[in-house]
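Counting from 0, one number per residue, gives the positions in the sequence shown under numbering that gives the first Met the number 0. Where is the CB? At the ideal position from N, CA and C, for every residue including glycine.
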Amino acid sequence: MTKNNVKTKTPKLKVSKESQYKRYTRSKVGNFFYVLFLVAFGAFSVLPLVYCIVTSFKPLDELLVFPPRFFVIRPTVANYAALPGLLSNLRIPLSRYVFNSLFVTITSTLLYVFLATLAAFALCKSKIKGRKTFFLIVQFALLFNAYTLSIPRYLIYSWFGLIDTYLVMIIPHVASTMGVFLMKQYMEGAIPNALLEAARVDGAGAYRIFFQIAVPIVKPCLLTLILFGFREAWAITPQGTIFNESLKTLPTIMQQITAGGIARSGSAMAVTVIMMIPPILVYMISQSNIMESMSSAGIKE
Numbered sequence: 000m001t002k003n004n005v006k007t008k009t010p011k012l013k014v015s016k017e018s019q020y021k022r023y024t025r026s027k028v029g030n031f032f033y034v035l036f037l038v039a040f041g042a043f044s045v046l047p048l049v050y051c052i053v054t055s056f057k058p059l060d061e062l063l064v065f066p067p068r069f070f071v072i073r074p075t076v077a078n079y080a081a082l083p084g085l086l087s088n089l090r091i092p093l094s095r096y097v098f099n100s101l102f103v104t105i106t107s108t109l110l111y112v113f114l115a116t117l118a119a120f121a122l123c124k125s126k127i128k129g130r131k132t133f134f135l136i137v138q139f140a141l142l143f144n145a146y147t148l149s150i151p152r153y154l155i156y157s158w159f160g161l162i163d164t165y166l167v168m169i170i171p172h173v174a175s176t177m178g179v180f181l182m183k184q185y186m187e188g189a190i191p192n193a194l195l196e197a198a199r200v201d202g203a204g205a206y207r208i209f210f211q212i213a214v215p216i217v218k219p220c221l222l223t224l225i226l227f228g229f230r231e232a233w234a235i236t237p238q239g240t241i242f243n244e245s246l247k248t249l250p251t252i253m254q255q256i257t258a259g260g261i262a263r264s265g266s267a268m269a270v271t272v273i274m275m276i277p278p279i280l281v282y283m284i285s286q287s288n289i290m291e292s293m294s295s296a297g298i299k300e
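Here's what the structure looks like:
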């Protein structure tokens with residue numbers, strides 16, 4: 000047998016997993032600057048919240064000092080203790096304003112989430128004609144803000160006799176198109192068409208497919224819409240549409256306290272902190288689902 004016929008095997012070099020891992024990762028210096036940037040950016044984003052909380056505990060002499068200080072030297076709860084006295088002079092009980100805020104917020108949020116999910120499912124997974132045109136209209140509706148629509152809305156409310164009713168605060172929030180856009184983008188990547196076709200073959204109707212298949216899958220996006228809807232509805236302050244004092248919401252009354260001048264700036268900050276607590280609690284409950292829905296909203300099947 001000649002040497003040409005002999006097949007020699009070259010040994011393969013084995014690469015350890017540690018070397019493979021190090022090859023595709025950043026250096027320690029890069030990781031340090033990356034984390035440092037995130038920490039600095041996060042701290043800068045939290046500064047307004049920290050300043051609001053700190054200012055709510057400042058006494059009057061520290062509020063009037065110049066140049067103003069960021070931190071408090073002698074913290075006090077006098078700003079919070081003064082709120083019951085300021086609210087006791089109201090003609091309508093405070094419980095009525097709290098009820099109005101809770102009723103408007105819960106009702107509008109539930110209707111907003113339900114209608115946005117239903118419309119997104121129809122635009123994304125149905126076979127109706129012109130759904131692309133409808134979705135294009137939804138995208139154009141995102142270009143208009145509340146200020147450009149205030150006069151047309153007021154004319155519509157007057158025509159239908161909705162002035163001084165709860166509907167004047169609920170309907171505009173329910174008709175927001177942001178929820179339809181976000182839910183449709185999420186459904187396109189989260190709900191496979193094969194799953195819906197299999198359900199139809201098994202005899203499931205449209206409503207059963209929607210409630211038992213689609214809704215459980217899009218639960219993370221539902222919680223995201225609940226957070227956005229709750230935040231916007233909780234801060235509703237109707238301008239020029241609610242004149243009956245018994246129909247006004249809690250933010251409207253809190254604005255009257257904050258308009259008391261620099262002497263009430265401490266109480267105004269205390270009011271702001273109290274108004275921020277419910278949205279923050281809702282966000283803490285649905286935080287993980289919000290991250291998931293945001294990361295999946297642009298992924299398509």
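Taking one C-beta from the region 237 to 251 and one from the region 88 to 97 each time, how about it: are there three or more such pairs within less than 8 Å?
With the cut-off at 8 Å, the region 237 to 251 and the region 88 to 97 touch.
Chain-order list of residues whose beta-carbon lies under 7 Å from that of Ala234 (same chain, five-residue window excluded)
Excluding five sequence positions before and after Ala234, the CB atoms of its chain that fall closer than 7 Å to its own CB belong to Pro250, given in chain order.
For Gly160, the three-state DSSP class (helix, strand or coil):
Coil.
Should Phe133 and Ala213 be called a contact, given that it needs their Cβ atoms to be closer than 8 Å?
Contact: no.
Verify whether the separation of the beta carbon atoms of Ile241 and Val173 is less than 8 Å.
Judged by their CB atoms, Ile241 and Val173 are not nearer to each other than the 8 Å cut-off.
What's the gap between the Cα of Leu37 and the Cα of Val49?
Roughly 18 Å between the two C-alpha positions.
Express the C-alpha separation of Pro171 and Leu161 in angstroms, rounding to a whole number.
Rounded to the nearest whole angstrom, the C-alpha separation of Leu161 and Pro171 is 12 Å.
Determine the burial state of Tyr156: buried for a count of at least 16 other Cβ atoms within 10 Å of its Cβ, exposed for fewer.
Counting every other CB atom within 10 Å of its CB across the protein chains shown gives Tyr156 a total of 16 or more, marking it as buried.
Quick check on Tyr146: buried or exposed, where buried means 16 or more other Cβ atoms within 10 Å of its Cβ?
Burial call: exposed.
Going by the CB atoms, is the gap between Ala115 and Gly313 shorter than 8 Å?
Outside the displayed range of the chain (0 to 300) lies residue 313, so it cannot be described from this structure.
Report the rounded CA-to-CA distance for Val53 versus Val64, giving the unit in angstroms.
Rounded to the nearest angstrom, the two C-alpha atoms are 15 Å apart.
Under 8 Å, do Met186 and Lys124 count as touching if we go by C-beta distance?
A contact, by the Cβ cut-off of 8 Å.
What number of angstroms, rounded off, separates the C-alpha of Glu256 from the C-alpha of Ile91?
It is Ile, not Glu, that sits at residue 256 in the sequence shown. Each residue's CA atom was taken as its position, placing Ile256 and Ile91 some 15 Å apart.
Considering only the alpha carbon of each residue, which of Gly239, Glu196, Ser175, Leu181 lies closest to Asp163?
Of the listed residues, the one whose Cα sits closest to Asp163 is Gly239.
Would you kindly work out how many angstroms separate the C-alpha atoms of Ile284 and Pro215, rounded to a whole number?
Going by the C-alpha atoms only, they are around 18 Å apart.
Closest to Ser107 by CA distance: which of Ala205, Gly41, Val34, Leu226 is it?
Comparing Cα positions, the closest option is Leu226.
Return the residue from the list Ala80, Ile105, Leu35, Pro66 that minimises the CA-CA distance to Gly265.
The shortest C-alpha separation from Gly265 is found at Ala80.
If Ala140 and Thr176 are in contact, beta carbons under 8 Å, what's the gap, nearest whole angstrom?
So it is a contact: roughly 4 Å between Cβ atoms.
Roughly how many whole angstroms lie between the Cα atoms of Phe32 and Phe43?
So the two alpha carbons sit approximately 16 Å from each other.
Counting only runs of 4+ residues fully inside the region 118 to 175, write out the alpha helix (DSSP H) ranges in chain order.
Listed in chain order, they are 130 to 140, 149 to 159, 166 to 173.
Report the option in Gln211, Phe180, Phe229 whose CA atom is closest to the CA atom of Leu194.
Checking every option, the nearest Cα to that of Leu194 belongs to Gln211.
Alpha carbons only, please: which of Ser55, Leu46, Val28 is nearest the one belonging to Phe274?
It should be pointed out that residue 274 corresponds to Met in this sequence rather than to Phe. Closest by C-alpha distance to Met274, out of Ser55, Leu46, Val28, is Ser55.
Which listed residue (Gly29, Arg230, Phe69) has its alpha carbon closest to that of Leu109
Ranking Gly29, Arg230, Phe69 by Cα distance to Leu109 puts Arg230 first.
Does DSSP put Ala269 in a helix, in a strand, or in coil?
In this structure, Ala269 counts as helix in the three-state DSSP scheme.
Along the chain, where does the alpha helix (DSSP H) that runs through Gly41 open and close?
Element bounds for Gly41: 27 to 55.
CA-CA distance, Pro58 and Ile72?
Pro58 and Ile72 have their C-alpha atoms some 9 Å from each other.
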